[in-house]
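Scroll down for the structure; my scribbles are underneath it.
Protein chains: 2
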Amino acid sequence: MAFQLSPGSFAPGARVGILGGGQLGRMLAMAAAGLGLKAHIFAPEPDSPAFDVCVEKTVAAYEDEAALAFFAANVDVITYEFENVPARTAALLSDLCLVRPSAAALAACQDRLVEKEFLADIGIPTAAYMRVDDAGSMARAVAQLGRPSILKTRRFGYDGKGQVLVREGADLAVTFRSLGGGPAILEAIVPFAKEVSVVAARGADGAFAAYDVCENRHENHILKVTRAPARISPGTAAEAVELTRAIAEALDYVGVIAVEMFVVEQAGGGEQLRVNEIAPRVHNSGHWTLDGSATSQFEQHIRAIVGWPLGATWRHGETVEMENLIGEEVFGFERVLREPGASLHLYGKAEARAGRKMGHVTRVAPGHKA
Amino acid sequence: MAFQLSPGSFAPGARVGILGGGQLGRMLAMAAAGLGLKAHIFAPEPDSPAFDVCVEKTVAAYEDEAALAFFAANVDVITYEFENVPARTAALLSDLCLVRPSAAALAACQDRLVEKEFLADIGIPTAAYMRVDDAGSMARAVAQLGRPSILKTRRFGYDGKGQVLVREGADLAVTFRSLGGGPAILEAIVPFAKEVSVVAARGADGAFAAYDVCENRHENHILKVTRAPARISPGTAAEAVELTRAIAEALDYVGVIAVEMFVVEQAGGGEQLRVNEIAPRVHNSGHWTLDGSATSQFEQHIRAIVGWPLGATWRHGETVEMENLIGEEVFGFERVLREPGASLHLYGKAEARAGRKMGHVTRVAPGHKA
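Note that the protein sequences, when read in sequence, are chains A and B.
As numbered in the UniProt record's numbering, residues 1 to 370 make up the first sequence, in order.
As numbered in the UniProt record's numbering, residues 1 to 370 make up the second sequence, in order.
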């Protein structure tokens, strides 16, 4: 006898390669282990948190082609925990191994201009934006979009890094150079009432499953609290899921995807959505699913990339709240342990630097929804 | 700044040593990682499932004193996933490191005769039993307890191994020798209506927290299904928990403990409990807590041994069912993945031998209790 498998799917015991060794890679590796799969982490930092929970590790730079070839030869499918995988790395791995989500999906999400153009192509609303390559295009963009507006590097931004507010009176050439003077985009300010996100998955068979839309509160540009479900109208929530489905289908996506959106309240009542960012990976705003849903986003991503059926995405509890423990906040972890029903997750990071995500807490409010 | 810790407790990053590399060690290691702790697994089998998810491993025999000394020097606290840790191993480790639960608690639970005498001493009802050391004491025991009765080796029994039914007409000397002729115990048959178990934890501070009493169904002497809560009267359930608390306190226990009991229906109505076996560890009948409780038994055990507060033990769902996937049953895993809301756990074992526990499924029925 042997495992009964659907076409194209892997058997338990298959080797899942994960690029990136942070907390997302760590939680993906644990989810893989829970399903009887073997995680192999590829990351450059020798003290990567994900190394604590994997079967095999490769410590090498993302540009180390020999190490990438060894990695690809020793796993059955490759995924990643971050969108800034160099294009050449993704291309090289894709030649040698199945990569999910695909290098094309990755490419669409790692450059803010490409991402906005992709969204415009499929008719999905975003903030107004203009391409900025030099002081001249910067001046034209500001003339068009007004002030305040936001200048963002096209690549490598996260947690508010790589962006600057363009204020009244600011010197435009100085502002442009303050971000390094590389390819950038200027975005109009969206006067949003709420920031929400949709975490969803698309299976290798095209099946789609979204978690409840959740709302996010940032502090110092870092996600602080996620609450599910978002306090928006049912119609807006359904539309948010449909936008996410459209994005996933247009990208022929396999795996978990997260779409951040702004909710703008209309003058005449009603809510309008504008997509802010796509993350081609598991997402901080989906951590609540570890304790608050039938299937965690990490398990869901692993199911998708090995070709298994997606799991149920229903929510436990009337509401679920996730709070990040940032920097020295982690030192008070015992208070969380004493809080009845709070679930503590720590990432095993040695040093509690300012702004560093050290762990999170989930609180599932009683009341079951199924 | 630094971690705010209660006296005697360890900080995140502490190293948890686990003796034994099977599925219990594996799930303990994952729980430790979830709390930011580092798991070090000590096990003799090079392909131990727990090696997939630990920071460090020692592959050595339980009698290898140099390896044990290295292990003890490299961890902050030691625990185990099985009760058959050799006494000398436990003593040696206890001299070098904090061991939880203690070697004394372990000793009380690894010999069926010692265990029964301990229970009798603290006034806890069990099946009638007699010590059997040779053919003579065997004959006397059978004369006393009647037939059918059950002969069990005093040590190393599990999943029905190390026991034999003493039938009418069976040759007693042959029966005694069939179990190896070593120290044994004869137990009277308990005409039970149900087998239940209590999985509970006692903290380093003496706090006690039990999960709902659950009922167990065995097939071929191997646990097949656990259901929480057990269908017994509230009074019987409360008594089962109190018996467990008494046992844990008498052992000055730290960690998760499981107590298996028989429920006997009285002629005049009502239910009576008889303790069958104590497991000084996490237990198969507590696997449902991974998906069906606020805190899993694995996290609870880790919290206890590092001196952290115990977590909430309430149940999600009106009922929770856990089904073991034994041997070739695992080959049908995809059916489980397709079942809405079923949670699949696979242990990463390469070979699906008959009678081997390969994984389990949890089903949480809607309806939340908090």
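Cβ coordinates follow ideal geometry from the N, Cα and C atoms, glycine included.
Source: prediction; values computed, not measured.
The beta carbon of A/Asp47 sits no closer than 7 Å to any beta carbon of chain B.
Secondary structure remark: continuous beta strand (DSSP E) runs of at least 3 residues inside the segment 74-113 of chain B, in chain order: 77-80. Residues Met130 of the same chain have their beta carbon placed closer than 8 Å to that of A/Arg140, with the five preceding and five following residues left out of the count. For B/Arg154, the secondary structure class from DSSP, reduced to helix, strand or coil, is coil. Around B/Met138, the same chain offers Val132, Leu172 and Phe176 as residues with beta carbons nearer than 6 Å, after the five sequence neighbours per side are excluded. Listed in chain order, the non-local C-beta contacts of A/Val263 below 7 Å within the same chain comprise Phe192, Ala193, Lys194, Val196, Ile232, Thr236, Glu271 and Leu273, local neighbours out to five positions each way being set aside.
Residue nearest to A/Ala304 within the set A/Leu28, A/Val254 and A/Pro12 is A/Val254 (criterion: CA-CA distance). For A/Phe298, not one C-beta of chain B is nearer than 7 Å to its own C-beta.
Under the Cβ distance rule, B/Pro229 does not count among the residues neighbouring chain A, no pair being separated by less than 7 Å. With respect to A/Gly34, A/Pro12 sits apart: the two C-beta atoms are not nearer than 7 Å. Interface annotation, A/Trp288: not in contact with chain B, CB-CB separation never under 7 Å. Ranked by Cα distance from B/Glu45, the options B/Cys54, B/Asp52, B/Ala39 and B/Val59 are led by B/Val59.
B/Arg338 belongs to the set of residues whose beta carbon lies under 7 Å from a beta carbon in chain A.
The shortest C-alpha to C-alpha distance from B/Lys38 to any of A/Gly327, A/Val361, A/Leu113 and A/Ala350 is the one to A/Ala350. The DSSP assignment places complete alpha helix (DSSP H) segments of no fewer than 4 residues inside the segment 280-346 of chain A at 289-292, 297-305 and 333-337, in order along the chain.
Where A/Ile247 is concerned, the enclosing alpha helix (DSSP H) starts and stops at Pro234 to Ala250. Contact between the segment 358-367 of chain A and the segment 276-295 of chain A is present: three or more C-beta pairs spanning the two stretches fall below 8 Å.
None of the residues of the segment 140-152 of chain B has a beta carbon lying less than 8 Å from any beta carbon of chain A. Annotation: Cβ neighbours of A/Arg303 in chain B (cutoff 8 Å, chain order): Leu337.
For B/Met322, there are no neighbours in chain A by C-beta distance under 7 Å, as the nearest C-beta there is about 15 Å away. The beta carbon of A/Ala43 sits no closer than 7 Å to any beta carbon of chain B.
With the criterion set as a beta carbon lying under 7 Å from some beta carbon of chain A, the members of the segment 325-359 of chain B are Glu328, Phe331, Gly332, Phe333, Glu334, Leu337, Arg338, Pro340, Gly341, Leu344, His345, Leu346, Tyr347, Gly348, Ala350 and Gly359, in sequence order.
As the crow flies, the alpha-carbon of A/Glu239 is around 52 Å from that of B/Gly206. Cα atoms of B/Met261 and B/Leu119: separation of roughly 12 Å, rounded to the nearest angstrom. A direct Cα-Cα distance of roughly 8 Å separates A/Leu223 from A/Asn284. With distances taken between CA atoms, A/Ala87 lies nearest to A/Ala105 out of A/Ala105, A/Leu98 and A/Ser6. By the Cβ test, the segment 88-105 of chain B is in contact with the segment 64-72 of chain B, since at least three Cβ pairs between them sit closer than 8 Å. The beta-carbon distance between A/Ser149 and A/Tyr211, rounded to whole angstroms, is 32 Å. This is too long to meet the 8 Å contact definition.
Counting C-beta pairs with one atom in each stretch, the segment 314-322 of chain B and the segment 49-59 of chain B have fewer than three that are closer than 8 Å, which means they do not touch.
A check of alpha carbon separations from B/Lys116 across B/Ser343, B/Leu325, B/Asp134 and B/Ile247 identifies B/Ile247 as the nearest. The closest CA to that of A/Val259, considering only A/Asn216, A/Val164 and A/Asp134, is found on A/Asn216. Note: A/Ile278 is bridge-paired with A/Val259 in the DSSP secondary-structure output. Between B/Leu35 and chain A, the shortest Cβ-Cβ separation is below 7 Å. At least 7 Å separates the beta-carbon of A/Ile41 from that of A/Gly22.
Between B/Ala32 and chain A, the shortest Cβ-Cβ separation is not below 7 Å. Residues of chain A with a Cβ closer than 7 Å to the Cβ of B/Pro7 do not exist; the shortest Cβ-Cβ separation is about 12 Å.
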